[in-house]
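Quick notes on the structure that follows.
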Amino acid sequence: MSSNAKIVLRKKPNSKGLYPLAIRITKNRRSTYQYVGHYIDLEDWDEKNIRVKKSNQNADSLNKLLSQELSDANKALIDLQSEHKDASANQIKKELYALGNTSTFFELAQEHLDELKFAEKLNRLSTDSALVSYILKFNKSKQLSFQEIDERFLKKLMIYLKVEHSLAETSIMNILVFIRLLFNRAIKLKIVSRELYPFGGDKIKIKFPETNKIGLNIIEVRAIEALDNLTLAEMHTRNVWLFSFNFAGMRVTDVLWIKWSDIYDDRLHYRMNKNSKLLSLKIPDKVLKILDYYRDDKRYVTDFVFPELKKANLDDAKDIYNKRKTATKKFNDNLKSIAKKAKIDKKVTMHIARHTFGNIAGDSIHPLMLQKLYRHSDLKTTLNYQANFIHKEADDALDSVVNF
């Protein structure tokens, strides 16, 4: 016997006297119900036309949601029948609603955050947790289905983030990217139909604004190297910054994780924290001098080169994360005073070491080699990044016109 799905209003009210909307799945006269997460007054239900009456202020949205839920259920039933799967009503429900109690946006978001925590990706966890909090503040409820996340919802969210929280365009785009990530996961898990995908085409476009990446030039780097009126904390910060710069702008999280056992045969061998890529680089003479500065503090072969993680509990990812975060803040504070002493007007941070390498490299190094040095997975990423620092062709074109 064929199975079928139908929109119904269940007759058992909740504590507020409201009745739940549901999809009823029937097979061989046996039924099971999938609740859509919304409740209405009994008098707001049109039993004859199987829809929410206009007397309910959310009638249009609820009817649209119910229609989509029913459409998804019927489509899935057809797919099951075409695959010749003979199942009971309960088995069909499990097949249709595989994710069960994680079918809302915020439940799936929490699952994503739990995965990051389990994988000890605490930096990403901190970032994505903040993104979730912005969306929750806007929605004012954890009850948010993926079917509700349409173009109108996203446009209102973007306005809210800009007006109420004064977020920059880049931050707003990052929130949209996060929503898109979860929406794609929801489609894969059959929580929502691909037809309701609100991104791309003539729908919501995610376009990051161009950013002005500014690095130091050779003269400015030499000015930092030549400073002799630094405090011990500033000297240490300069060493860490120059270590990063001399290894193509190595990320500070990787710099602090470098151990003496990573250094042999006049090369640095290390695994990136961000993507676990292995890399082996020749140690420049300038870095050898920096290493000599810390050699007397070496306790054993696998000891850290720099002191920040020497007292960290290496079995506690959160402790490591917090010590890295604290160290980075101190470095950036010290770099402000270092820049002032070097008479550098540009902003100098640990991340600027990466921009500085890119700026000085310009177009003098082949993109494939830069890709390796930057540890980028995609050459396009390298080309887009390096384009921020290559100006010769534009400068020559301008000169050819105005220099007459």
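All residue numbers for the sequence shown refer to my numbering, where the first residue is 2 and numbers rise by one. Yeah, the Cβ is synthetic: ideal placement off N, Cα and C, and Gly gets one too. In this text the structure is predicted, and so the values were computed from the model without any measurement.
Residues near residue i in its chain [Cβ-Cβ closer than 8 Å; skip 5 each side]
i    : result
S172 : L162
L409 : What is shown of the chain runs 2 to 405, which leaves residue 409 out entirely.
S130 : L114
L380 : P368, L369, Q372
A74  : A6, I24, I26, Q35, L97
G18  : D42
L71  : A6, K7, I8, I24
N57  : I41, D42, D45, L63
E12  : The amino acid at residue 12 is misidentified as Glu; the sequence shows Lys. If we look at K12 and ignore the five residues flanking it on each side, its Cβ neighbours are Y20.
L315 : I321
I160 : none
N- and C-terminal bounds of the beta strand (DSSP E) containing residue i
i    : result
Q1   : This structure cannot speak to residue 1, because the chain is shown only from 2 to 405.
N5   : 5-10
K122 : First-last for K122: undefined, no H or E at that position.
L168 : Where L168 is concerned, there is no enclosing beta strand (DSSP E), given that its DSSP letter is neither H nor E.
T27  : 20-28
H270 : 268-272
L279 : 279-283
Candidates the options, of which the one nearest residue i by Cα
i    : options                : result
V37  : N29, D61, T105         : T105
K156 : L63, S68, K312, M174   : M174
I188 : L109, L123, K141       : L109
V256 : T128, L243, D267       : L243
I150 : D129, K49, E196        : E196
K60  : K326, H39, A354        : Just to set this straight, residue 60 is Ala in the shown sequence, not Lys. Checked all of K326, H39, A354; the closest Cα to A60 is H39.
H166 : F154, R186, S142, L132 : L132
E170 : L190, I192, E211, R186 : E211
K76  : V193, A313, I284       : V193
W258 : K287, D286, T329, R223 : T329
G201 : L177, R223, G216, L190 : L177
Y135 : F107, E44, S146        : F107
K421 : R11, S146, K141, Q82   : Residue 421 falls outside the range modelled here, since the chain spans only 2 to 405, and no answer is possible.
E221 : R325, K341, S56        : K341
V288 : K278, K12, V306        : V306
Y294 : T128, T238, A388       : T238
P21  : F154, E44, R30         : E44
D364 : N389, K347, P14        : N389
R223 : R30, I345, L78         : I345
R252 : P308, R52, Y271, V164  : Y271
C-beta contact flag for residue i and residue j at 7 Å
i    : j    : result
P199 : E152 : yes
A249 : F332 : no
I225 : A362 : no
K260 : H356 : no
Q148 : Q69  : yes
A354 : F246 : yes
Q50  : T27  : Here residue 50 is Asn; the residue named in the question, Gln, does not match the sequence. No, the pair does not count as a contact, with Cβ atoms beyond the cut-off.
N218 : I291 : no
K326 : L310 : no
L158 : F139 : yes
R186 : K278 : no
Cβ-based neighbour list, residue i, same chain, cut-off 6 Å, excluding 5 preceding and 5 following
i    : result
R25  : K7, V9, S32, Y34
D47  : K54
P285 : N247
S16  : none
G254 : The amino acid occupying residue 254 in the given sequence is Thr; Gly does not appear at that position. So the qualifying residues of the chain are N274, R325.
R296 : none
N102 : Only weak support is given to the placement of N102: the predicted model assigns it a pLDDT of 40, under 50, and the question is left unresolved by the model.
L100 : Confidence is the limiting factor: at L100 the pLDDT is only 42, short of 50, which leaves the residue's position unreliable, though a coordinate-based value still follows. If we look at L100 and ignore the five residues flanking it on each side, its Cβ neighbours are L190, I192.
I321 : A313
V349 : L336, A340
L67  : I8
K299 : W261
Neighbourhood of residue i by C-beta distance below 7 Å, restricted to the same chain and skipping five residues each side
i    : result
S262 : V302, T303
L282 : F248, R268, L269
A318 : E121, L123
Residue range of the unbroken alpha helix (DSSP H) whose run includes residue i
i    : result
R325 : 318-342
L233 : 233-247
A354 : 353-362
V253 : 253-258
E70  : 60-83
R223 : 219-227
L289 : 286-295
Mind the definition here: the segment 171-186 touches the segment 199-215 only if three or more C-beta pairs lie below 8 Å; say whether that holds.
yes
Would you call the segment 217-231 and the segment 334-350 touching, i.e. three or more CB-CB distances under 8 Å?
yes
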